[in-house]
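Colleague:
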Amino acid sequence: MSEPLSGPARLEIDLAAVAANWRALAALAAPAVVAGVVKADAYGLGAARVAPALWAAGCRDFFVARAGEGVALRRILPGARIFVLDGLLPGTGEALAGHRLVPVLNQPDELVRWRAAAAQAGRRLPAALQLDTGMCRLGFSAAQAAALDESSFEGLAIELVMSHPVVAEEAGHPLNERQRQRFAAMRHGLPAAPGSLANSSGIFLGRGFQLDLCRPGVALYGANPTPGRPNPMRPVVRLEAPVMQVHDIVEEGSVGYGATWPTRPGARIATLPVGYADGYPRSAGNRATARIDGIEVPVAGRVSMDLTTLDVSSLPEGAVRPGSVAELIGGPDGLDRLAEAAGTIPYEILTRLGARYERHYLDAEVPA
Ligand SMILES: *Cc1c(COP(=O)(O)O)cnc(C)c1O
Numbered sequence: 001m002s003e004p005l006s007g008p009a010r011l012e013i014d015l016a017a018v019a020a021n022w023r024a025l026a027a028l029a030a031p032a033v034v035a036g037v038v039k040a041d042a043y044g045l046g047a048a049r050v051a052p053a054l055w056a057a058g059c060r061d062f063f064v065a066r067a068g069e070g071v072a073l074r075r076i077l078p079g080a081r082i083f084v085l086d087g088l089l090p091g092t093g094e095a096l097a098g099h100r101l102v103p104v105l106n107q108p109d110e111l112v113r114w115r116a117a118a119a120q121a122g123r124r125l126p127a128a129l130q131l132d133t134g135m136c137r138l139g140f141s142a143a144q145a146a147a148l149d150e151s152s153f154e155g156l157a158i159e160l161v162m163s164h165p166v167v168a169e170e171a172g173h174p175l176n177e178r179q180r181q182r183f184a185a186m187r188h189g190l191p192a193a194p195g196s197l198a199n200s201s202g203i204f205l206g207r208g209f210q211l212d213l214c215r216p217g218v219a220l221y222g223a224n225p226t227p228g229r230p231n232p233m234r235p236v237v238r239l240e241a242p243v244m245q246v247h248d249i250v251e252e253g254s255v256g257y258g259a260t261w262p263t264r265p266g267a268r269i270a271t272l273p274v275g276y277a278d279g280y281p282r283s284a285g286n287r288a289t290a291r292i293d294g295i296e297v298p299v300a301g302r303v304s305m306d307l308t309t310l311d312v313s314s315l316p317e318g319a320v321r322p323g324s325v326a327e328l329i330g331g332p333d334g335l336d337r338l339a340e341a342a343g344t345i346p347y348e349i350l351t352r353l354g355a356r357y358e359r360h361y362l363d364a365e366v367p368a
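For the sequence shown, position 141 (counting from the first letter as 1) is numbered 141 according to the UniProt record's numbering, and the numbering increases by one without interruption.
1) Let me know the secondary structure DSSP gives V38 once reduced to three states.
2) Going along the chain, which residues of its own chain have a beta-carbon closer than 6 Å to the beta-carbon of E348, five neighbours each way excluded?
3) Could you tell me whether the Cβ atoms of L220 and I329 are closer together than 8 Å?
4) Is the beta carbon of L156 less than 8 Å from the beta carbon of R115?
5) Alpha carbon to alpha carbon, what distance is there between A288 and P210?
6) Run the proximity test for L85: is its beta-carbon closer than 7 Å to any non-hydrogen atom belonging to ligand 1?
7) If you draw a straight line from the alpha carbon of T92 to that of D311, how long is it in whole angstroms?
8) What's the call for G136, buried or exposed, on a 16-neighbour Cβ count within 10 Å?
9) Nearest-angstrom Cα distance between G285 and G258?
10) Using CA atoms only, rank isn't needed, just tell me which of D61, Y43, R282, R268 is closest to L213.
11) Assign L5 to buried or exposed, taking buried as 16 or more other Cβ atoms, counted over all protein chains shown, within 10 Å of its Cβ.
12) What I want to know is whether the C-beta of G195 ends up closer than 7 Å to one or more non-hydrogen atoms of ligand 1.
13) Could you check what DSSP says for T226 in three-state terms: helix, strand or coil?
14) Taking the alpha-carbon of R66 as reference, which of W55, I76, I82 has the nearest alpha-carbon?
15) So, with DSSP's three-state summary, where would you put M162?
16) With a threshold of 8 Å between beta carbons, is G279 in contact with chain C?
17) In the DSSP assignment, the alpha helix (DSSP H) including Y347 goes from what residue to what residue?
18) Please report the straight-line C-alpha distance between P52 and A40, rounded to a whole angstrom.
19) Can you pull the DSSP bridge partners for F83?
20) Would the beta-carbon of N106 be found less than 7 Å away from any heavy atom of ligand 1?
21) Leaving aside the five residues before and after A26 along the sequence, list all residues of the same chain whose C-beta is less than 6 Å from its C-beta, in chain order.
22) Cβ of R352 within 7 Å of any heavy atom in ligand 1?
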């Protein structure tokens, strides 16, 4: 029987599982170094809690997207190496240099300006270089990379040369091998810096993709980096909500906006204090499921801003009451299953997890 809950939905974030996931990836990729990608507030889970847990597990290299995220992370982890994926955007040079952040330089202009910053600072500044091997998003093109010579890096310490995979989660896709080869070719003539190609899924493509440093994000947070195969990662996120009200249906009608879920007499509908304003996707309406007492029940009708309704008719009468607990995300595949049902990816589910949840971090080892 569920313990009655009161108040808001509860989001449990298992920091011990994050640490265990990092250690598992580190073991898999060794001797390659495994970093931690903690951009977007550690995929919505709270970088201030997640990053120290990764550090305690042995992680020393971190990636953020924005310079501001790097500045915030520097306060938390004074000894970490912090890469900023946005690179050297106008107006960020001082913050980057001042907080010992490593910009991932994405185009020739950034390289020129970072060199000038080093000259002005009178000291060597660290940098990473990103090469575009097919994503067509950020990074030096083949021609731009080929035009670089020793003088291009004067005053800089190039600590990493990296690129990003396009379809790493599809192990059999020919683009993976093409990108690997393109990356190797483009690195010729560049400073002999460590190379990095793999995101979470890329690590599972094998040695040829692990290179010197791997950059997992989503796998640390429990999503399956090997879709179609069992999830090798430990689940990190559990979302549960107390039932607020149960409707015993006595006549034909429907549930929610748009009348998209028809009801018949004898059905029972339970309402939860979770909605799309909490990041529970509206597209989960009529498609996703939850669990009560281990029994899977469908989300019935549209998800509203603050509320979600479940059809709990399959549970015995009286089994679901106000205070009964429904699990909306949980178990080894819970995150991936919700994403799939909602027509999105685990990344989007994680990064939208709402601010109204009561957040609980599980881990005794990591100081608050
Ligand atoms: C977000 C990001 C990663 C992490 O990707 P996952 O798929 O979450 O492991 C790695 N590298 C770069 C450049 C990224 O932008």
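Even for Gly, the Cβ is constructed at its ideal location relative to N, Cα and C.
Modeller: The relevant details are as follows:
1) Here residue 38 refers to the residue found at position 38 of the sequence shown. Reduced to three states, the DSSP call for V38 is coil.
2) In the sequence shown, the residue the question calls residue 348 occupies position 348. There are no such residues.
3) Here residue 220 refers to the residue found at position 220 when the sequence shown is read from its first residue. Here residue 329 refers to the residue found at position 329 when the sequence shown is read from its first residue. Contact: no.
4) By 1-based counting over the sequence shown, the position of residue 156 is 156. By 1-based counting over the sequence shown, the position of residue 115 is 115. Yes, the Cβ-Cβ distance between L156 and R115 is below 8 Å.
5) In the sequence shown, counting from the first residue as 1, residue 210 sits at position 210. In the sequence shown, counting from the first residue as 1, residue 288 sits at position 288. The sequence given here has Gln at residue 210, not Pro. Going by the C-alpha atoms only, they are around 35 Å apart.
6) To locate residue 85, count along the sequence shown from 1; it is residue 85. Checking the Cβ of L85 against ligand 1 gives yes.
7) Within the sequence shown, residue 92 is the residue found at index 92, counting from 1. Within the sequence shown, residue 311 is the residue found at index 311, counting from 1. Approximately 51 Å between the Cα atoms of the pair.
8) Against the sequence shown, residue 136 aligns to sequence position 136. First, the amino acid is wrong: residue 136 is Cys here, not Gly. That one is exposed.
9) Stepping through the sequence shown from its first residue, residue 285 is reached at position 285. Stepping through the sequence shown from its first residue, residue 258 is reached at position 258. So the alpha carbons of these two residues sit roughly 11 Å apart.
10) The count along the sequence shown starts at 1 and reaches residue 213 at position 213. It is D61.
11) Position 5 of the sequence shown, counting from 1, holds the residue named residue 5. With a pLDDT of 49 at L5, under the threshold of 50, the modelled position of that residue is not reliable, and the figure given next carries that caveat. Buried, because 16 or more other Cβ atoms sit within 10 Å of the Cβ of L5.
12) Here residue 195 corresponds to residue number 195 of the sequence shown, with the count starting at 1. G195 Cβ: outside cutoff for every heavy atom of ligand 1.
13) Translated into positions along the sequence shown, residue 226 becomes position 226. In the structure shown, T226 sits in coil (DSSP, three-state: anything other than H, G, I, E or B).
14) The residue you call residue 66 lines up with position 66 of the sequence shown. The residue with the shortest Cα to Cα distance from R66 is I82.
15) Looking up residue 162 in the sequence shown gives position 162. Of the three classes helix, strand and coil, the one that applies to M162 here is strand, per DSSP.
16) Looking at the structure shown, chain C is missing, and only one protein chain is on hand.
17) Within the sequence shown, the letter at position 347 stands for residue 347. From DSSP, the alpha helix (DSSP H) with Y347 extends over 346-351.
18) The residue given as residue 52 occupies position 52 in the sequence shown. The residue given as residue 40 occupies position 40 in the sequence shown. Looking at the two C-alpha atoms, the distance is approximately 16 Å.
19) Residue mapping note: residue 83 aligns to position 83 of the sequence shown, counting from 1. Paired residues: F63, V102.
20) Against the sequence shown, residue 106 aligns to sequence position 106. Flag unset: Cβ of N106 not near ligand 1.
21) Counting from one through the sequence shown, the residue named residue 26 turns up at place 26. Contacts found: V34.
22) Counting from 1 along the sequence shown, the entry for residue 352 is found at position 352. It does not: the Cβ of R352 is nowhere closer than 7 Å to a heavy atom of ligand 1.
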